[in-house]
Amino acid sequence: MKKIAVLTSGGDAPGMNAAVRAVVRKAIYHNIEVYGVYQGYQGLINDDIHLLELGSVGDTIQRGGTFLYSARCPEFKDKNVRAKGIENLKKRGIEGLVVIGGDGSYRGAQRISEECQEIQTIGIPGTIDNDINGTDFTIGFDTALNTIIESVDKIRDTASSHARTFIIEVMGRDCGDLALWSGLAVGAESIILPETDYNIQDIAEKIQHGIDRGKKHSIIIVAEGCMSGNQCAEELTKYINVDARVSVLGHIQRGGSPTGVDRVLASRLGGYAMELLMNGETAKGVGIKDNHLTATDFDNIFNAAQDKKINQRMLELTKELSI
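For what it's worth, this note's numbering labels the leading residue of the sequence shown as 1404, then goes sequentially.
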């Protein structure tokens, strides 16, 4: 292998730059040319592809976001559009493509590997949602988790001062990991997840029980894939008379300098992605399981029967600790 390309696609996640850096530097170490595709799959179509040097990724490991930029590109689902992007890679002699992103990004990489045998593709899981099969953790999850914790810790000060119930809406799409992990970390009274059944009346009674024993404030974490914070507040006040306020953390969760955990994870996954390409592997997503690097076929990653499940033991623990 003489030439590879790397792109970031979909929603940005802290640690993406660290992953790109690892891909670029490991490739150059092994005398492989690296091209950066700017603006994700849109840049692949538009031929926004440029040679990267060692200095191109200097001073990036600590930066949030992605210096390659990212974009949604629904038109990449069209085979004729993909053919244009593939041709832009082939005319440069590029033999491997590393795609950093989530489920949609992986699907684009899979199509490229199916439609062009000359180009190997490897996916790196970059999304704060932690919703990719084949890995325990995705790049950006730990940073987003710590952002939520820091925000809720500050909100708790106000909740305590004014004796209020605060409902915190967090991201995660259809995956409740951010809500579950942050809820346990901040000592939330209730956590509402899309993967589990919930009863607002039960949550209201739990809060009332706390008030009856002298508790002055409560924190409820709600995952966006389940309901909005405002919907939760409306439902809650049907059963209990509390001063409920809503905070939607929004895109602040996707920004910021990556934590040490995310920098190390991104570097390990980026380096491993290059190892797979150099060994002739294709159509796989890298990941980490029980602290061991793994590679999973895209077909298995997309297998709904193997979708990641919520950690039931953690969920039960949150209930036991929030009485």
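Glycine included, every Cβ here is placed at the ideal spot set by N, Cα and C.
Notebook entry, point to check: Between G1507 and chain C, is there a C-beta pair that is closer than 7 Å?
Noted result: Of the protein chains in this structure there is only one, and it is not chain C.
Item checked: Rounded separation between R1616 and I1610 - CA only -> Counting from one through the sequence shown, the residue named residue 1616 turns up at place 213. Counting from one through the sequence shown, the residue named residue 1610 turns up at place 207. Straight-line Cα distance between these residues: approximately 10 Å.
Margin query: What does the alpha-carbon distance come out to for the pair S1563 and I1713?
Written below: Working through the sequence shown from its first residue, we reach residue 1563 at position 160. Working through the sequence shown from its first residue, we reach residue 1713 at position 310. In a straight line, the C-alpha of S1563 is about 30 Å away from that of I1713.
Checklist line | Classification of G1620 by the beta-carbon crowding that lies within 10 angstroms, buried from 16 upward | finding: The residue you call residue 1620 lines up with position 217 of the sequence shown. In the sequence as displayed, the identity of residue 1620 is His instead of Gly. Classification for H1620: buried.
Check: If you draw a straight line from the alpha carbon of L1668 to that of V1501, how long is it in whole angstroms?
Finding: Against the sequence shown, residue 1668 aligns to sequence position 265. Against the sequence shown, residue 1501 aligns to sequence position 98. Computed Cα separation, rounded: 16 Å.
Checklist line | Three-state class that DSSP yields for H1785 in the structure shown | finding: Residue 1785 lies beyond the range of the chain shown here (1404 to 1726); nothing can be said about it.
Notebook entry, point to check: Residues in its own chain within less than 6 Å of I1595 by CB, not counting five upstream and five downstream?
Noted result: Here residue 1595 corresponds to residue number 192 of the sequence shown, with the count starting at 1. Hits under 6 Å: Y1601, V1625 and C1629.
Note to self: When you compare the CB positions of I1408 and T1530, do they come within less than 7 Å of one another, or not?
What the structure shows: If you number the sequence shown from 1, residue 1408 lands on position 5. If you number the sequence shown from 1, residue 1530 lands on position 127. First, the residue type needs correcting, since residue 1408 is Ala and not Ile in the sequence shown. In this structure, A1408 lies away from T1530, with their beta-carbon atoms at least 7 Å apart.
Notebook entry, point to check: Does DSSP classify L1680 as helix, strand or coil?
Noted result: Here residue 1680 refers to the residue found at position 277 of the sequence shown. Secondary structure at L1680: helix, using DSSP grouped into helix, strand and coil.
Item checked: Reduced DSSP category for Q1715 - H, G, I as helix; E, B as strand; rest coil -> Within the sequence shown, the letter at position 312 stands for residue 1715. Secondary structure of Q1715 (DSSP, three-state): helix.
Checklist line | Cβ neighbours of I1515 in the same chain (closer than 7 Å, five flanking residues each side left out) | finding: Here residue 1515 is taken as the residue at index 112 of the sequence shown, counted from 1. So the qualifying residues of the chain are R1485, I1489, L1500, I1522 and T1524.
Next item on the list: Have a look at Q1520 and R1671 and give me their C-alpha separation to the nearest angstrom.
Entry: The residue you call residue 1520 lines up with position 117 of the sequence shown. The residue you call residue 1671 lines up with position 268 of the sequence shown. Each residue's alpha carbon lies about 27 Å from the other.
Notebook entry, point to check: So, helix, strand or coil for I1407, using DSSP?
Noted result: Locating residue 1407 in the sequence shown gives position 4, counting from the first residue. Looking at I1407 - three-state DSSP - the assignment turns out to be strand.
Check: The alpha helix (DSSP H) spanning H1565 covers which residue range?
Finding: For the purposes of this step, residue 1565 is identified with residue 162 of the sequence shown, where counting begins at 1. For H1565, the enclosing alpha helix (DSSP H) has its first and last residue at F1544 to H1565.
Next item on the list: Flag this pair as touching only if the region 1572-1588 and the region 1697-1708 have three or more C-beta atom pairs under 8 Å; answer yes or no.
Entry: These segments do not touch.
Next item on the list: Determine the DSSP secondary structure at I1531, reduced to helix, strand or coil.
Entry: As a working mapping, residue 1531 is identified with position 128 in the sequence shown. Under the three-state reduction of DSSP, I1531 is assigned to coil, being neither helix nor strand.
Next item on the list: Identify, in the order they occur along the chain, each residue of the same chain with its Cβ nearer than 8 Å to the Cβ of F1517, setting aside the five sequence neighbours on each side.
Entry: Along the sequence shown, one-based indexing puts residue 1517 at 114. It should be pointed out that residue 1517 corresponds to Glu in this sequence rather than to Phe. When the five nearest sequence neighbours on each side are left out, the beta carbons in the same chain lying within less than 8 Å of the beta carbon of E1517 are those of A1686, in order along the chain.
Item checked: Reduced DSSP secondary structure (H/G/I, E/B, other) of T1697 -> As a first step, residue 1697 must be located in the sequence shown, where it is residue number 294. T1697 sits in a strand when the DSSP states are folded into three classes.
Check: Which residue comes first and which comes last in the beta strand (DSSP E) that contains A1421?
Finding: Translated into the one-based positions of the sequence shown, residue 1421 becomes position 18. Note, A1421: premise wrong, no beta strand (DSSP E); alpha helix (DSSP H) at M1419 to Y1432.
Check: Is it the case that the CB of V1437 approaches a heavy atom of the ligand NAP more closely than 6 Å?
Finding: This structure lacks the ligand NAP, and indeed carries no ligand of any kind.
Notebook entry, point to check: Which runs of the beta strand (DSSP E) spanning at least 3 residues fall entirely within the region 1618-1644, listed in chain order?
Noted result: Counting whole runs of 3 or more residues, the region 1618-1644 contains the beta strand (DSSP E) stretches 1621-1626.
Next item on the list: Indicate whether Q1445 and A1422 have their beta-carbon atoms separated by less than 7 Å.
Entry: Along the sequence shown, read from residue 1 onward, the residue named residue 1445 stands at position 42. Along the sequence shown, read from residue 1 onward, the residue named residue 1422 stands at position 19. A1422 sits away from Q1445, with the two beta carbons spaced by 7 Å or more.
Notebook entry, point to check: Could you give the distance in angstroms between the alpha-carbon of T1546 and the alpha-carbon of K1641?
Noted result: Within the sequence shown, numbered from 1, the residue matching residue 1546 stands at position 143. Within the sequence shown, numbered from 1, the residue matching residue 1641 stands at position 238. Cα to Cα, T1546 sits roughly 35 Å from K1641.
Next item on the list: Look at the alpha carbon of G1418 and the alpha carbon of D1532, and state the distance between them as a whole number of angstroms.
Entry: Residue 1418 sits at position 15 when you count from the first residue of the sequence shown. Residue 1532 sits at position 129 when you count from the first residue of the sequence shown. The alpha-carbon atoms of G1418 and D1532 are separated by roughly 13 Å.
Next item on the list: Find out if the Cβ-Cβ distance for the pair N1439, L1455 is shorter than 7 Å.
Entry: Indexing the sequence shown from 1 puts residue 1439 at position 36. Indexing the sequence shown from 1 puts residue 1455 at position 52. With the sequence shown as reference, residue 1439 is identified as Gly, and Asn is not the correct amino acid for it. Taking 7 Å as the Cβ cut-off, G1439 and L1455 qualify as a contacting pair.
Checklist line | Cα-Cα separation between F1479 and A1676, rounded to whole angstroms | finding: Working through the sequence shown from its first residue, we reach residue 1479 at position 76. Working through the sequence shown from its first residue, we reach residue 1676 at position 273. A direct Cα-to-Cα measurement between F1479 and A1676 gives close to 23 Å.
Next item on the list: Assuming C1476 contacts G1505 (C-beta within less than 8 Å), just tell me the rounded distance between them.
Entry: For the purposes of this step, residue 1476 is taken as residue 73 along the sequence shown, with counting starting at 1. For the purposes of this step, residue 1505 is taken as residue 102 along the sequence shown, with counting starting at 1. In fact, because the Cβ distance is near 13 Å, the residues do not count as touching under 8 Å.
Next item on the list: Under 8 Å by Cβ, that's how I've got R1495 and I1452 pegged, so tell me the actual separation to the nearest angstrom.
Entry: As a position in the sequence shown, residue 1495 is number 92, starting the count at 1. As a position in the sequence shown, residue 1452 is number 49, starting the count at 1. So it is a contact: roughly 7 Å between Cβ atoms.
Margin query: Below 8 Å on the Cβ atoms is my contact criterion, and I expect R1559 with I1622 to pass it. Report the Cβ-Cβ distance as a whole number of Å.
Written below: Position 156 of the sequence shown, counted from the first residue, corresponds to residue 1559. Position 219 of the sequence shown, counted from the first residue, corresponds to residue 1622. In this structure R1559 is in contact with I1622, their Cβ atoms being roughly 6 Å apart against a cut-off of 8 Å.
Notebook entry, point to check: Secondary structure at T1541, three-state DSSP: helix, strand or coil?
Noted result: The sequence position of residue 1541 within the sequence shown is 138, counting from 1. For T1541, the secondary structure class from DSSP, reduced to helix, strand or coil, is coil.
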